[in-house]
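Peer 1: Got a structure for you, questions after.
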Amino acid sequence: MPGLRERPTRAGRPPPRSESTYRAMPAGPSIPSASSGGHAPRRSLVTGGAGFIGSHLVEVLLARGDEVTVIDDLSTGRRSNLPGMGHGVDGLRFIEADLRQALGALGPGERFDEVYHLAAAVGVRLVVDEPIRCIETNVEGTAALLRFALDHGPRAGAGAATLIASSSEVYGKSEKSPFAEEDDVVYGPTTRSRWSYAASKAIDEYLALAYHAKHALPAVVVRFFNTVGPRQVGSYGMVLPNFVASAIEGKPLKVYGDGRQTRCFCDVRDVAEALPRLLAEPRCRGRVFNLGSDRSISIRALAELVLEVLGKDAAIEHLAYEQAYSSGFEDLRKREPDLRRIRDAIGFAPRRNLEQTIRDLAAQMAGERAASPGAPGGGVKRGTHP
Ligand code: UDP
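Just so we're aligned, residue 209 is where the sequence shown starts under our numbering, counting upward by one.
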């Protein structure tokens, strides 16, 4: 694949020393999937696989024996998130490249049973700062991915089972609670650029559903709700890694607003385990699913819980929204998913509680800091995300 940095890896091999030692996994035409009774491993493609959620999904797929191809431009993901840091792990091939470029460069013989599209410009903050790049990345990236999935399924004429990651942000500022998949969405005016994130994700959803309806692409849309856990970084404004990093450093935990706004936090490992199950269930195709926890907690209570679980006594400070975000920022008072649909479809229920997630995130952050002081994971920037 000329022009792209490709890091295929096989078992027991030491990390490659130079580009020339990298070897591509063989591209084959029709690969029978393990689920269809064949003995060849299932071939899965994960875009954004070096990211927070993507890397946990890659672990789940490798554990069940898939041959996994990851495409990630490392704009927000990290190579160190991948098992074996992307080297020397059986069945994992890592392509560091822009998504559209990488898809265009993969040959016609590259076939996938399953495609998980997690690559996106994440976060309202990024959209506010760089709207054109974000809208183009999200909409054009998903359009290219869906075309690719249609042409690169397990055999000619069959598209790959495709999961499109969306966001609870799609519901916009609707005040209905909990949010159910068939609810109306409510956005502000187009002059408020923050809503372009929700709109770009909504377009992704429309596209996926249209590919299912028009081309029978087995596509599933998943709306993530406040996913948290190990490897999440605070750099994009996400609250839990910011609180945990502050607690570890003995700095004040900064609660925006009155702290009475509520969210439901779901462990990333519960989320990652659910994704292949959604794709495996034929009844899920052509549908949209909320995925998260429905245990609600106020942000003030979350700050107190972090200190209690980690046995720290740092201060909790309140910060006005105008100081935390740009002025005129509209925070949601409440965000809670209706989980009935996903419960009925695959019996989903979160297994890990928030206390466990906080402990595991803190342990991972502390380990990383010890290994390389100044490592990412706690930088507090202003922003928000789905
Ligand atoms: N928040 C906070 N302190 C922080 C980061 C976020 O109080 O350091 C608040 C934020 O205003 C929001 C909630 O925590 O009310 C969740 O924020 P996050 O960005 O994690 O997710 P989202 O707002 O997209 O639900």
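Beta carbons are placed, not taken as given, at the ideal position from N, Cα and C, and that holds for glycine.
Under the rule that 16 or more other beta-carbon atoms within 10 Å means buried, what is Ala528, buried or exposed?
Peer 2: Locating residue 528 in the sequence shown gives position 320, counting from the first residue. Ala528 comes out exposed.
Peer 1: Going along the chain, which residues of its own chain have a beta-carbon closer than 7 Å to the beta-carbon of Asp595, five neighbours each way excluded?
Peer 2: The shown model of the chain, from 209 to 594, leaves out residue 595, and the question about it has no answer.
Peer 1: Mind checking which residues open and close the alpha helix (DSSP H) that includes Cys342?
Peer 2: Translated into the one-based positions of the sequence shown, residue 342 becomes position 134. Residues 339-359.
Peer 1: Please name the residue or residues paired with Tyr464 in a DSSP beta bridge.
Peer 2: The sequence position of residue 464 within the sequence shown is 256, counting from 1. DSSP, once it has assigned bridges, lists Leu527 as partnering Tyr464.
Peer 1: Do Tyr414 and Leu358 have their beta-carbon atoms positioned less than 8 Å apart in this structure?
Peer 2: For the purposes of this step, residue 358 is identified with residue 150 of the sequence shown, where counting begins at 1. For the purposes of this step, residue 414 is identified with residue 206 of the sequence shown, where counting begins at 1. It is not a contact, given that the beta carbons lie outside the stated cut-off.
Peer 1: Within the chosen definition, does the segment 566-573 reach the segment 448-462 through at least 3 CB pairs nearer than 8 Å?
Peer 2: Output reads yes: the segment 448-462 touches the segment 566-573.
Peer 1: So, for Ala522: in the same chain, excluding its five sequence neighbours on each side, which residues have a beta-carbon less than 7 Å away from its beta-carbon?
Peer 2: By 1-based counting over the sequence shown, the position of residue 522 is 314. The answer, listed in chain order, is Ser454, Ala455, Gly458, Lys459, Pro460, Leu461, Leu515.
Peer 1: Looking at C-beta atoms only, is the number of pairs between the segment 265-274 and the segment 311-318 that lie closer than 8 Å three or more?
Peer 2: These segments do not touch.
Peer 1: Between Ala242 and the rest of its own chain, which residues show a CB-CB distance below 7 Å, the 5 nearest in sequence each way excluded?
Peer 2: Numbered from 1 along the sequence shown, position 34 holds the residue referred to as residue 242. With a pLDDT of 41 at Ala242, under the threshold of 50, the predicted position of this residue should be treated as unreliable, though the coordinate-derived value follows. If we look at Ala242 and ignore the five residues flanking it on each side, its Cβ neighbours are Pro249, Arg250, Gly273.
Peer 1: Are there 16 or more other CB atoms within 10 angstroms of the CB of Ile239, so buried, or fewer, so exposed?
Peer 2: Here residue 239 refers to the residue found at position 31 of the sequence shown. A caution first: Ile239 carries a pLDDT of 34, below 50, which makes its placement in the model unreliable, though a value can still be read off. The residue in question, Ile239, is buried, as its Cβ has 16 or more Cβ neighbours within 10 Å.
Peer 1: On the DSSP letters alone, give me the boundaries of the alpha helix (DSSP H) that Thr565 sits inside.
Peer 2: The sequence position of residue 565 within the sequence shown is 357, counting from 1. 562-579 is the extent of the alpha helix (DSSP H) around Thr565.
Peer 1: The ligand UDP and Gly437: does any heavy atom of the ligand fall closer than 7 Å to the residue's C-beta?
Peer 2: The sequence position of residue 437 within the sequence shown is 229, counting from 1. Checking every heavy atom of the ligand UDP against the Cβ of Gly437, none is found closer than 7 Å.
Peer 1: Using 10 angstroms around the beta-carbon of Asp475, count the other beta-carbons present and answer buried if the total reaches 16, otherwise exposed.
Peer 2: The count along the sequence shown starts at 1 and reaches residue 475 at position 267. Classification for Asp475: buried.
Peer 1: Tell me, to the nearest whole angstrom, how far the beta carbon of Lys422 is from that of Glu377; I am working on the premise that it is less than 8 Å.
Peer 2: Position 214 of the sequence shown holds residue 422. Position 169 of the sequence shown holds residue 377. Contact flag wrong, Cβ pair sits at about 26 Å.
Peer 1: Which term fits Asp466, buried or exposed, when burial requires 16 or more other beta carbons within 10 angstroms of its beta carbon?
Peer 2: As a working mapping, residue 466 is identified with position 258 in the sequence shown. Looking at its Cβ environment, which holds fewer than 16 other Cβ atoms inside 10 Å, Asp466 is exposed.
Peer 1: Give the single residue among Trp403, Arg495, Arg485, Val336 whose Cα lies nearest to the Cα of Phe556.
Peer 2: Reading the sequence shown from its first residue, position 348 is the one you call residue 556. When only C-alpha atoms are compared, the closest one is Arg485.
Peer 1: Which partner residues of Ile505 appear in the DSSP bridge assignment?
Peer 2: Residue numbering aside, residue 505 sits at position 297 when the sequence shown is read from its first letter. BP columns for Ile505 point to Arg471.
Peer 1: Excluding the 5 residues flanking Leu311 on each side, which residues of the same chain have their C-beta closer than 6 Å to its C-beta?
Peer 2: As a first step, residue 311 is located in the sequence shown; it is residue number 103 there, counting from the start. Counting only Cβ-Cβ distances below 6 Å, and skipping sequence neighbours, we find Ala352, Phe356.
Peer 1: Starting from Tyr444, trace the beta strand (DSSP E) in both directions and tell me its first and last residue.
Peer 2: Taking the first residue of the sequence shown as 1, we reach residue 444 at position 236. From DSSP, Tyr444 is part of no beta strand (DSSP E); its letter is neither H nor E.
Peer 1: Per DSSP, which residues does Arg620 bridge with? Please list them.
Peer 2: One cannot answer for residue 620 here, as it falls past the ends of the chain, which runs 209 to 594.
Peer 1: Just reading off the alpha helix (DSSP H) that Phe260 is part of, what are its end residues?
Peer 2: On the sequence shown, position 52 is the one that residue 260 refers to. Its alpha helix (DSSP H) spans residues 260-271.
Peer 1: Report all residues from its chain with a CB closer than 8 Å to the CB of Leu417; omit the five preceding and five following residues, and keep chain order.
Peer 2: Mapped onto the sequence shown, residue 417 falls at position 209. The residues are Ala427, Val429, Gly494, Val496.
Peer 1: Roughly how many angstroms lie between the CA atoms of Arg577 and Ala511, to the nearest whole one?
Peer 2: Taking the sequence shown and counting its residues from 1, the one referred to as residue 577 is at position 369. Taking the sequence shown and counting its residues from 1, the one referred to as residue 511 is at position 303. Taking the straight line from one Cα to the other gives about 21 Å.
Peer 1: Is Asp359 near the ligand UDP, in the sense that its beta carbon is under 7 Å from a heavy atom of that ligand?
Peer 2: Here the question's residue 359 lines up with position 151 in the sequence shown. The answer is no for Asp359.
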